[in-house]
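Working notes for the structure below.
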Amino acid sequence: MEFFKHNTNFKFMGIRKFTTAFSILISVASLFFLVTKGLNFGLDFTGGTQLELRFAEAVAPDSIKSHLASHDYPEAKVAQYGSTKDILIRLPNTSKMSEEKLGATVVKNLQAAWPSAELRRVEFVGSEVGQQLAEQGGLAVVVALIATMIYIAVRFEYRFAVSAAAALLHDPIVILGVFAFFQIEFDLATLASILAVMGYSLNDTIVVYDRIRENFRKMRQGTVSEIIDMSINQTLSRTLMTSLLTFIVVIALFLCGGESLHGFSTAFLIGIVIGTYSSIYIAGALALTMGLSRQDLLPKAKERFLDDAP
Numbered sequence: 324m325e326f327f328k329h330n331t332n333f334k335f336m337g338i339r340k341f342t343t344a345f346s347i348l349i350s351v352a353s354l355f356f357l358v359t360k361g362l363n364f365g366l367d368f369t370g371g372t373q374l375e376l377r378f379a380e381a382v383a384p385d386s387i388k389s390h391l392a393s394h395d396y397p398e399a400k401v402a403q404y405g406s407t408k409d410i411l412i413r414l415p416n417t418s419k420m421s422e423e424k425l426g427a428t429v430v431k432n433l434q435a436a437w438p439s440a441e442l443r444r445v446e447f448v449g450s451e452v453g454q455q456l457a458e459q460g461g462l463a464v465v466v467a468l469i470a471t472m473i474y475i476a477v478r479f480e481y482r483f484a485v486s487a488a489a490a491l492l493h494d495p496i497v498i499l500g501v502f503a504f505f506q507i508e509f510d511l512a513t514l515a516s517i518l519a520v521m522g523y524s525l526n527d528t529i530v531v532y533d534r535i536r537e538n539f540r541k542m543r544q545g546t547v548s549e550i551i552d553m554s555i556n557q558t559l560s561r562t563l564m565t566s567l568l569t570f571i572v573v574i575a576l577f578l579c580g581g582e583s584l585h586g587f588s589t590a591f592l593i594g595i596v597i598g599t600y601s602s603i604y605i606a607g608a609l610a611l612t613m614g615l616s617r618q619d620l621l622p623k624a625k626e627r628f629l630d631d632a633p
């Protein structure tokens, strides 16, 4: 049973002007929202208090969250971990009291409603640590981008390297723009999701590039645009099946993973869609616009040396 035909003949490069304009539009819009609204950083970056509690009986996180919200802690993040009796609470820092006092007050408040509540561990994350995490996360994205360009330039061609870097940069910008527009909480899990999306998108791009190089060497007729179209069509079934199956898995995380995985799954869902789009319309189209030719990907002729006979 086939879900997708293997012999499709879509003219992807024929609409590259429209897709380029669309990509520029959503990138500019994303940057605009990032500048004007900014990201809603989570406790990983802003600093806060994290409490781990155990109850004698199973407790619903929503009931604890509602209880804390009614006692002047509306920004508390509550999630289960380990078992239904283990609860993780994350609170932003407040200027009214120290982190130690904040944790003790919350535990005392919960014990009044749930006497069996037992504090297992408390952690404090300062704003300085959060700033350092943000800087290291940004550095990780930059290093990944540079390493990708070097790898593709060595394995393929520099035009492919620049095109792949543009596609990889396009994906996180759009994801961050969506997070800024809807003010979805951005934490370390979301950052990890963005890095995973970059790797996911790069894998699709490499598959397309490899097929383009192979077809340039096998086919003696056809324009550069036609060969790129054929290469994308040949890998389209694999790309769509991979994206669809991954999307289904991440949908399950989004629906059943709880609040702690909401940012991670949201970023990944956006990344699957936008990463598939960029690997098809940005990576190949930009290389074509930069003047990619058949000669750029053909193997270089080896020089033959003749030994002088005595």
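Heads up, the sequence shown is in this note's numbering, so the first residue is 324 and it goes up one at a time.
For each residue, glycine too, the CB sits at the ideal point set by N, CA and C.
- For secondary structure counted as the alpha helix (DSSP H) over 4 or more consecutive residues, the stretch 339 to 363 holds these complete runs in sequence order: 339 to 359.
- Comparing alpha carbon positions, the residue from Gly461, Ile529, Leu492, Val530 closest to Ala515 is Gly461.
- Only buried fits Lys400, as 16 or more other CB atoms lie within 10 angstroms of its CB.
- Counting of Cβ neighbours within 10 angstroms places Lys340 among the exposed residues, the total staying below 16.
- With respect to the 9 Å criterion, Ser601 and Leu518 are not classified as neighbours on the basis of their beta carbons.
- Within the same chain, Cβ atoms closer than 8 Å to the Cβ of Val382 are found at Thr407, Lys408, Ile410, Trp437, the five residues on either side in sequence being excluded.
- Measuring C-alpha to C-alpha distances from Leu362 to each of Gln454, Glu582, Gly500 identifies Gly500 as the nearest.
- Judged by DSSP in its simplified three-state form, Arg543 adopts coil rather than helix or strand.
- Every candidate beta strand (DSSP E) stretch fails here, since none sits fully inside the stretch 557 to 606 while reaching 3 residues.
- Straight across, the Cα-Cα distance linking Phe509 with Gln557 is about 37 Å.
- The way I'd put it, the stretch 518 to 531 does touch the stretch 578 to 596; three or more beta-carbon pairs between them come closer than 8 Å.
- The Cβ atoms of Val430 and Leu511 do not sit closer than 9 Å to each other.
- Proximity to Val358 across Leu576, Glu441, Ser486, Ile496 peaks at Ile496, based on C-alpha coordinates.
- Remark: fewer than three beta-carbon pairs, one from each stretch, lie closer than 8 Å, so the stretch 383 to 402 and the stretch 335 to 353 are not flagged as touching.
- No Cβ-Cβ contact shorter than 9 Å links Val573 with Ile603.
- In terms of Cβ geometry, Leu414 and Gln454 do not form a close pair [threshold 9 Å].
- Shown here for Tyr532: same chain residues with a beta carbon closer than 6 Å to its own, the five before and five after excluded, namely Phe479, Phe483 in chain order.
- Residue pairing by DSSP places Tyr404 opposite Ser406 in a beta bridge.
- Annotation for Val445: no alpha helix (DSSP H) segment contains it, though the beta strand (DSSP E) segment containing it runs 441 to 448.
- Of the residues assessed, Asp527 falls on the buried side of the cut-off, its CB having 16 or more other CB atoms within 10 angstroms.
- Excluding residues up to 5 positions away in sequence, Asp367, Phe368, Leu511 lie with their Cβ nearer than 7 Å to the Cβ of Leu456 in the same chain.
- The three-state secondary structure of Gly371, taken from DSSP, is strand.
- Note that the C-beta distance between Gly365 and Thr513 is below 9 Å.
- Between the C-alpha atoms of Glu380 and Ala440 there is a straight-line separation of about 9 Å.
- By the CB criterion at 9 Å, Phe356 and Ile555 fall outside the cutoff.
- The beta carbons of Ile507 and Gly586 sit closer together than 9 Å.
- Here DSSP, grouped into helix, strand and coil, assigns Ile555 to helix.
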